[in-house]
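First comes the structure, then the notes that go with it.
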Amino acid sequence: MSTIGENIRAGRKLRSMSIEELARKARIGVHTIEQYENGEKIPVVQTVLKISTVLDIPASELLENAYQPNAAGLDYELEQLVKEIGTKRAKMILRKAKEIPEEEFLKAMDMLH
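Using UniProt numbering, the letters of the sequence shown map in sequence onto residues 1 to 113.
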């Protein structure tokens with residue numbers, strides 16, 4: 001299973017781009033890019049979009065195989081979060097999130113992160 005960090009590194013190397021060059025073009029710190037590539041940190045959606053633009057790779061490819069689903073189709077982290085907060089609460093949160101336009105949702109998530 002590849003992670004988003006491994007996918008960022010592979011995309012960067014495919015473009016023969018240094019970490020410093022990617023950081024400069026995406027306006028992200030070099031240390032932050034290193035943390036992503038080493039799996040120490042996971043980028044927020046807006047950052048994934050910046051990196052995908054600089055690397056000229058669809059964001060979906062950076063995210064590809066980053067989350068391994070279980071037999072029910074949920075990735076492990078999501079499954080654990082549902083267990084922690086309970087199915088009923090998770091359903092309520094997801095139903096509400098579904099009603100929010102994507103742009104507003106991304107802004108809210110960015111503020112929370």
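Each residue gets a CB set at the ideal place from its N, CA and C atoms; glycine is no exception.
Using 9 Å as the threshold, is the C-beta distance between residue 108 and residue 100 below it? Residue 108 sits at position 108 when you count from the first residue of the sequence shown. Residue 100 sits at position 100 when you count from the first residue of the sequence shown. With respect to residue 100, residue 108 sits close: the two C-beta atoms are nearer than 9 Å.
Indicate the three-state DSSP secondary structure (helix, strand or coil) for residue 27 in the structure shown. To locate residue 27, count along the sequence shown from 1; it is residue 27. Residue state, collapsed to three classes: coil.
Can you tell me whether residue 96 is helix, strand or coil according to DSSP? By 1-based counting over the sequence shown, the position of residue 96 is 96. Note: residue 96 maps to helix in three-state DSSP.
How would you label residue 11, buried or exposed, when you count the other beta carbons within 10 angstroms and need 16 or more for buried? In the sequence shown, the residue the question calls residue 11 occupies position 11. It is buried - the Cβ of residue 11 has at least 16 other Cβ atoms within 10 Å.
9 Å Cβ cutoff met for residue 114 and residue 4: Since the displayed the chain opens at 1 and closes at 113, residue 114 lies outside it and no answer follows.
Where does residue 44 fall in DSSP's three states? Position 44 of the sequence shown, counting from 1, holds the residue named residue 44. Coil.
Just to confirm, is the Cβ distance from residue 55 to residue 112 under 9 Å? Against the sequence shown, residue 55 aligns to sequence position 55. Against the sequence shown, residue 112 aligns to sequence position 112. One thing to note: residue 55 has its Cβ no nearer than 9 Å to the Cβ of residue 112.
Are there 16 or more other CB atoms within 10 angstroms of the CB of residue 58, so buried, or fewer, so exposed? By one-based count along the sequence shown, residue 58 stands at place 58. Exposed, since its Cβ has fewer than 16 Cβ neighbours within 10 Å.
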